[in-house]
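4 protein chains.
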Amino acid sequence: MTDSASVSQTGAPAHSDSPEWVLSLSCPDGAGIVHAVSGALVDVEASITESQQFGSPDSRRFFLRLQFRTAAPEEVIREALAPVVRRLGADIELHPAVRRQRVLILVSKAGHCLNTLLFQQRGGQLPIEVVGVVGNHDDLAPMAEFYGVPFHHIPVTPETKADAEATLLDLVRDLHVELVVLARYMQILSPELCEVMRGRVINIHHSFLPSFKGAKPYHQAHDRGVKIIGATAHYVTSDLDEGPIIEQDVERVTHADSARDFVHMGQEIEASVLARAVKWHTQGRVLLDGHRTVVFR
Amino acid sequence: MTDSASVSQTGAPAHSDSPEWVLSLSCPDGAGIVHAVSGALVDVEASITESQQFGSPDSRRFFLRLQFRTAAPEEVIREALAPVVRRLGADIELHPAVRRQRVLILVSKAGHCLNTLLFQQRGGQLPIEVVGVVGNHDDLAPMAEFYGVPFHHIPVTPETKADAEATLLDLVRDLHVELVVLARYMQILSPELCEVMRGRVINIHHSFLPSFKGAKPYHQAHDRGVKIIGATAHYVTSDLDEGPIIEQDVERVTHADSARDFVHMGQEIEASVLARAVKWHTQGRVLLDGHRTVVFR
Amino acid sequence: MTDSASVSQTGAPAHSDSPEWVLSLSCPDGAGIVHAVSGALVDVEASITESQQFGSPDSRRFFLRLQFRTAAPEEVIREALAPVVRRLGADIELHPAVRRQRVLILVSKAGHCLNTLLFQQRGGQLPIEVVGVVGNHDDLAPMAEFYGVPFHHIPVTPETKADAEATLLDLVRDLHVELVVLARYMQILSPELCEVMRGRVINIHHSFLPSFKGAKPYHQAHDRGVKIIGATAHYVTSDLDEGPIIEQDVERVTHADSARDFVHMGQEIEASVLARAVKWHTQGRVLLDGHRTVVFR
Amino acid sequence: MTDSASVSQTGAPAHSDSPEWVLSLSCPDGAGIVHAVSGALVDVEASITESQQFGSPDSRRFFLRLQFRTAAPEEVIREALAPVVRRLGADIELHPAVRRQRVLILVSKAGHCLNTLLFQQRGGQLPIEVVGVVGNHDDLAPMAEFYGVPFHHIPVTPETKADAEATLLDLVRDLHVELVVLARYMQILSPELCEVMRGRVINIHHSFLPSFKGAKPYHQAHDRGVKIIGATAHYVTSDLDEGPIIEQDVERVTHADSARDFVHMGQEIEASVLARAVKWHTQGRVLLDGHRTVVFR
C-alpha cells in the first residue's frame, strides 16, 4: 500500500517505518489540486499509502483524503503545505494516523451505545480515548467505571439547565475534548456548545432520518406501519435532526413486532451505526459538504 | 405440509389431490376464533396445509390466513363458514389457491417495473393474469405486445383528464379487473376509481416512505444526503403517499452517487418490491389493519 | 393476540392474566394433529396467543409451536396432552413462557460474544439466566464479575484435558444447566458432554457455513477473495461444523479489507447471530428436523 | 469532479468537453507510481476526474484506475505513458470512457439473466453492446429478437460438442467479442475458448461460493439447511467454480422455503449480481490480483 508521491534525489523511497499522517482537504474545485498537493508532499519525501478524492458537482467543491508516511516533522509538513493551501483556499486537517482523539460521551439511561463504544475502544477497534462519560442520570456510572473512564453526573432540570450547560462546557474545555458523542443523550445541547464544537458533535437518532424526527420515533414508525426501521448518525447542528448525515442502517420488522420490539431491535443498529460514524470521523474520513457529508470509507 | 383440521368418520385424511383453497379472515379479537373456524372446516373434511394468525393489540382485531384442501365445492365451504363468519362479524376472502387474479398494469414511460411483472408472470413466479397494460404514453406498447398483453394508450392532458378517467374505469369494469398495479404510472387516479377498487390498487413509490413524499423523491433524497435509498409498495388511498405499506426495501448509496445514479439504482429495488407486493396480495397474504397491513409471508 | 382454542362452558374466555405457556411439538406428519392438540387445550380452557406450524415435505414430520394462557397447573396440562402425544408419537417441550433458562457460557479470550449476551441478559432482551461463565483462559473473568456472574477458570492442556472435561461436566450437572453456549470457545467439547447436552449446545462459527470450516475461517475467506463474510450459529454435534444451522448473517467486504479487518468486522455479526440463536432456542422457537432446523420466528 | 493533473502553460485547465478516458494499471508495488503516471498525464494536459488506488500487501502489486479528460489523441496518450509503463513493468488497459464493449451472451433455457442484461443495455444503464446471444437451446430466441440482437442456436450434444465449440470460437472471433457472459449457460467452455478469452469470460454461479460448487447448488443448500442463499459472479478459469470472484449477493430463506423456492428467489439475485459484475468489468473497475479481484466501485 506504499506509493510514493516523491522519489527522493537518491531514488530511495521514504522509509516504511516513518510515522504515518492523515491529510483531509476541501477547497473550491478547479484544476491542478492533486498535482499541487502531491507536489508539496514530494518536498517532504512522503510516501502515499492511501488516497481518495471527490469533486462535488453540486457544491463545486473538491475533497481529498491522503494517508502518507514521512520522516519529516509536523512543522515541516505544514510549512510545505502552507502555500498550496493558501493558493487553493483550502480547509485542511492534518493528524498523525495513529492518534486517538479525545472523546466525551454523553448518555442518559440506555447503555447499549455506551457499551459498544467502550468495548470497541478497549479492543482497539475504535481509535479513540474516551476521556469521560457524562450522564444526566447516574445509571451508567458503573459501566464507565468498569472500563476505567471517569463518570460525571450532571443532572438537568428546568431550574438547573443553565448551570448544567455551563458545567458541560467547562468539562469539554478542561478535558481538551475533540469530539462529543451523544450516545442516546436525551437532552438538547446549548447553542454555545454547538457553536464551540461545530462539526465535532455526533448524535445517534433512532430513526431512518428524515422519517420520524423528534421524540418516540419507533412509536411513530410502528404507527405508520413501516416494514423496515433504521438509525442515523449525524453531526449536530442548531437545526434539530437536520444535521449532515454520516451513516445509516436498517433492519426488517413485521406487523407482529410491537413498538417495544422496535425499540429493542433498534438498539443493535443504533450502537453499530454510531460506532462506525465515530470511527470514520476520527480517522478523518468524514468531510462536510454543506449540509451533506463526503465519507471516504 | 398436511395437517387435517378434521378426521373424517372413517379416520381417513382428506385426499391430498383435492383442490386447495385460501381463506383470509379478519374480525374483532376474542375467544374461540380459531376453534370456530377450524370447526367449520372439519365439517367439509378439509386438510389445513398452511396457517398463520395475528391478533393486533392496537386495533384489537384478529387476522387469520388458512390454506387447506377439500373435495367439497365452493358453495358448501361458504355455507359451512357462513354462521361462524356471521357470529364473529368477520370479513373473509375465499379463493382457490391456484387461481390467477386478473391484473391491470398502469404505466407511463419507465419500463423496469412492467418488465419484471410480465417476465415473472410468464415464468410462473407471479400468480397473476395480466389482462391489459394501460399507458398514458405509448412507449411500452411493444413490451406488452412481446408478452402478448393488450396495450391501451390513454393519454392524459388537463383537457382530456375526465375522459381518460372514464375510459380507465370502463376498462377496469369490462376486463373484470381484480387488481390495479401502478407500475410507475405518473398520474393520480380518480377518486371514483380509488373508491371502486379500494384495497385493490397497489402503487410503487420510489422512496423509503414516509421520507420524501411527492415528486422527485430521489432528488430530495440526494439533496438531504441520505446514505440509503429505498422503495415502498403501498395500497392507494385518497391520501396521496399515505396508503397502507405492504413492502419496502433499500439499497446503500454514497456521496459519489448522483441523483441520476439514485434513479438507476432505485429501479431494481422498485421492480423487486412491487413484484413481491403483488405476489403476496394475490396470494391473500396481505390483510388491512386500519392504515397498516398484516403480511403473512 | 388472544384467540381461544376453547370456549368454556360458560362461554367466558380464559383470563388474560393467567400464566402463559409455550408448547413445542414434532411428530410424524398426518391428519388431525392441530385439531387433536387444540382439543387437548380446550380441556384446560386455554387461550392460544401465538401459533405456528410447518409440515416438512422432506422428513414428513410435522412441527407445531403454540403459546397459550391457562389457569390450569402444569400437571393438569401435561395430563390433558398425554394421550394425544402418545397417539401422535410426538416429542414435546412444555415450559412457562416467562421462564429464564439456565445457561452456561464457555469462552476463551475474545469477549465480544460474551459482552453482548451478558448485556442483553441484563437489559431483559435475552430471556436467560447466565449461571456461570467458563473460560479456558481467565481474561474475561472481570467482565463476568461486572455482570455478577461466577467465572470458572478451567485451563485446558493436553495433559489436563480429561480432568478439564470432567470438571466441566460436573459444572453442567451441579448448576442444572439447560443450555451451553460456546461464545468463541476455542476448544472441542468431549463426546460425553455432547451426548448429555444433545440439542442443547449452541456454537457460533465465524464463517458462513458450509464455507470455510475449521480454523481461521476469516483467513480462508480472505484468501479466496470473497466479497461477503458471515457467521453461523448451530447446534453442536459430534460432526464438527456440521451441526444443524440455527441462524446466519453476513456483511460486505472489499479487496481493501485485510484478514484482520475481516476478524474485526465479523465480531459484530458473530455476537448478533449468536444472541438471536440463543433467544430463539430459549423461547422454544427452534425445532430439530433431522440435520436441519425449523425456526418459528 | 475535475481535478487536473496538469496545469497547462497558459494556466487554463483542460477543456471539460474533451473526450474522457479510463486507464487501469497494475504493476509491482513500489515508490513513485502515482507520481510517474500522473506525470505522463501532465504531458498530455489531462484532467483527472476520478482516481482509485490499492496496494495489495499479499501480492505486493499496486493497482490504479484513473479517469481523465484530454484533447490528445489515443496514440499521443499511449506514447506519453509508454516509458512509464515500461519502467514500472505495468499491465495497462486504456479505453475511451464512453465506449460500449462488444459482448456475447451465452444462455440455455432460463431467461432471467438475459432479460436483465438486455433491458439494462437498452436503458443505457449497462454500457455494453450485445452483439449476439448464443443458446444451446432456442427457447430464448424471441427475447433476443425483441431486443434486436441476433440469436445463434448452437446445440451441444456429446457428438456435436467439438463442432459446437469450434462454431462458438469462430463467432467470438468474427464478432470481435471483447467479453463473453455466461448467463446461466449450462455448458462448460472449451479450454481453447477459456485461453483465448482469459479474464474476459464472466459466469454467474447460483450459489454463495465457495459453498455448493457444482450442479444443483440450491438443492445442496436446501439439504444443508442454510438460512441465507446467494449468487456469485466470477471470471471463468479452467478450474471450475474456482475463478476470481467479482461480486456476490445474498437473500434470506426459511425452513418453509423449498429447494424450488430457492431457485425462484435466487433468480433475482443472480440477474442483479451478474449485471453489476458486467457493468464494473466493462468500466475497467475490476482488476485481477492473482486468484482474487480488486474492484474499484
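Going down the list, the protein sequences come from chains P, B, Z and C.
Numbering (the numbering used here) for the first sequence: 336 to 632.
Numbering (the numbering used here) for the second sequence: 336 to 632.
Numbering (the numbering used here) for the third sequence: 336 to 632.
Numbering (the numbering used here) for the fourth sequence: 336 to 632.
All residues carry an ideal CB built from backbone N, CA and C; glycine is no exception.
Remember, predicted model here, so these are calculated numbers, not experimental data.
Among the options, the one whose alpha carbon lies nearest that of residue i
| i | options | result |
| --- | --- | --- |
| THR572 of chain B | B:ARG559, B:GLY534 and B:ALA612 | B:GLY534 |
| ASP378 of chain Z | Z:GLU355, Z:TYR520, Z:ILE412 and Z:HIS626 | Z:ILE412 |
| PRO363 of chain C | C:LEU399, C:SER382, C:PHE454 and C:ALA556 | C:LEU399 |
| ARG538 of chain C | C:VAL608, C:SER546 and C:ALA381 | The sequence as given places Asn at residue 538 of chain C; Arg does not occur at that position. For the residues C:VAL608, C:SER546 and C:ALA381, the minimum Cα distance to ASN538 of chain C belongs to C:VAL608. |
| HIS590 of chain C | Z:PRO392, Z:ASP352, Z:GLU355 and Z:GLU586 | Z:PRO392 |
| ASP574 of chain Z | Z:ASP596, Z:GLY565, Z:GLU530 and Z:GLU586 | Z:GLU530 |
| GLU385 of chain B | B:GLU410, B:ALA366, B:SER373 and B:THR567 | B:SER373 |
| VAL598 of chain C | C:TYR570, C:LEU623, C:SER542 and C:GLU355 | C:SER542 |
| ASN471 of chain C | C:GLU480, C:ILE440 and C:PHE454 | C:ILE440 |
| ALA381 of chain C | P:VAL588, P:LEU528, P:SER394 and P:GLY367 | P:GLY367 |
| PRO354 of chain Z | Z:VAL369, Z:ALA375, Z:ILE383 and Z:GLU603 | Z:ILE383 |
| ASP474 of chain Z | Z:PHE397, Z:GLN388 and Z:LEU449 | Z:LEU449 |
| ARG587 of chain P | P:PRO462, P:ALA566 and P:ASP576 | P:ALA566 |
| VAL630 of chain B | B:ALA568, B:MET600, B:GLU577 and B:THR451 | B:ALA568 |
Residue i, enclosing alpha helix (DSSP H) - first and last residue
| i | result |
| --- | --- |
| ASN450 of chain B | 447 to 457 |
| ALA499 of chain B | 496 to 509 |
| ASP558 of chain B | 552 to 559 |
| LEU609 of chain B | 594 to 617 |
| GLU464 of chain Z | That residue, GLU464 of chain Z, is in no alpha helix (DSSP H); its beta strand (DSSP E) goes 463 to 470. |
| ALA371 of chain Z | 368 to 378 |
| ILE412 of chain C | 409 to 423 |
| LEU528 of chain Z | 526 to 531 |
| GLU480 of chain P | 476 to 481 |
Element boundaries [beta strand (DSSP E), containing residue i]
| i | result |
| --- | --- |
| ILE431 of chain B | In the sequence as presented, Ile is not what sits at residue 431 of chain B; that position holds Pro. Element bounds for PRO431 of chain B: 426 to 431. |
| LEU514 of chain C | 514 to 517 |
| PRO363 of chain P | 355 to 363 |
| GLU385 of chain B | 382 to 391 |
| LYS563 of chain Z | It is Ile, not Lys, that sits at residue 563 of chain Z in the sequence shown. Per DSSP, ILE563 of chain Z belongs to the beta strand (DSSP E) from 563 to 570. |
| GLN436 of chain B | 436 to 442 |
| LEU622 of chain B | 621 to 624 |
| ASP584 of chain Z | 580 to 587 |
| VAL536 of chain P | 536 to 540 |
| LEU399 of chain P | 396 to 404 |
Contact set for residue i: own chain, Cβ-Cβ below 6 angstroms, skip 5 residues either direction
| i | result |
| --- | --- |
| LEU514 of chain B | GLN436, VAL438 and ARG535 |
| VAL357 of chain Z | GLN402, HIS430, ALA432 and GLY619 |
| ILE427 of chain P | LEU360 and VAL420 |
| VAL342 of chain B | Its pLDDT being 35, under 50, VAL342 of chain B is placed unreliably by the model, and the measurement read from it follows with that caveat. The answer is none, since no qualifying residue turns up. |
| THR628 of chain B | PRO579, ILE581 and VAL621 |
| ARG611 of chain B | GLU582 |
| VAL491 of chain C | ASN471, ALA499 and GLN522 |
Buried versus exposed, by CB contacts within 10 Å (16 or more), residue i
| i | result |
| --- | --- |
| LYS548 of chain C | exposed |
| ARG519 of chain B | buried |
| PRO408 of chain P | exposed |
| GLU500 of chain C | buried |
| PRO552 of chain P | buried |
| PRO545 of chain B | buried |
| HIS511 of chain P | exposed |
| GLY390 of chain Z | buried |
Cut-off 8 angstroms between Cβ atoms - residues of its own chain near residue i, not counting five sequence neighbours on either side
| i | result |
| --- | --- |
| SER593 of chain Z | HIS557 |
Cβ shell of residue i (< 7 angstroms), same chain only, five flanking positions each side left out
| i | result |
| --- | --- |
| GLY459 of chain Z | none |
| PRO526 of chain P | SER573 |
Any chance the region 578 to 587 of chain P sits against the region 606 to 617 of chain P, with 3 or more Cβ pairs inside 8 angstroms?
With the cut-off at 8 angstroms, the region 578 to 587 of chain P and the region 606 to 617 of chain P touch.
- Query: Are the region 441 to 451 of chain Z and the region 411 to 423 of chain Z touching, with three or more C-beta to C-beta distances below 8 angstroms?
  - Reply: Taking one beta carbon from each stretch, the region 441 to 451 of chain Z and the region 411 to 423 of chain Z have fewer than 3 pairs nearer than 8 angstroms; the two do not touch.
Okay, do the region 463 to 472 of chain Z and the region 487 to 505 of chain Z touch, 3+ Cβ pairs below 8 angstroms being the bar? With the cut-off at 8 angstroms, the region 463 to 472 of chain Z and the region 487 to 505 of chain Z touch.
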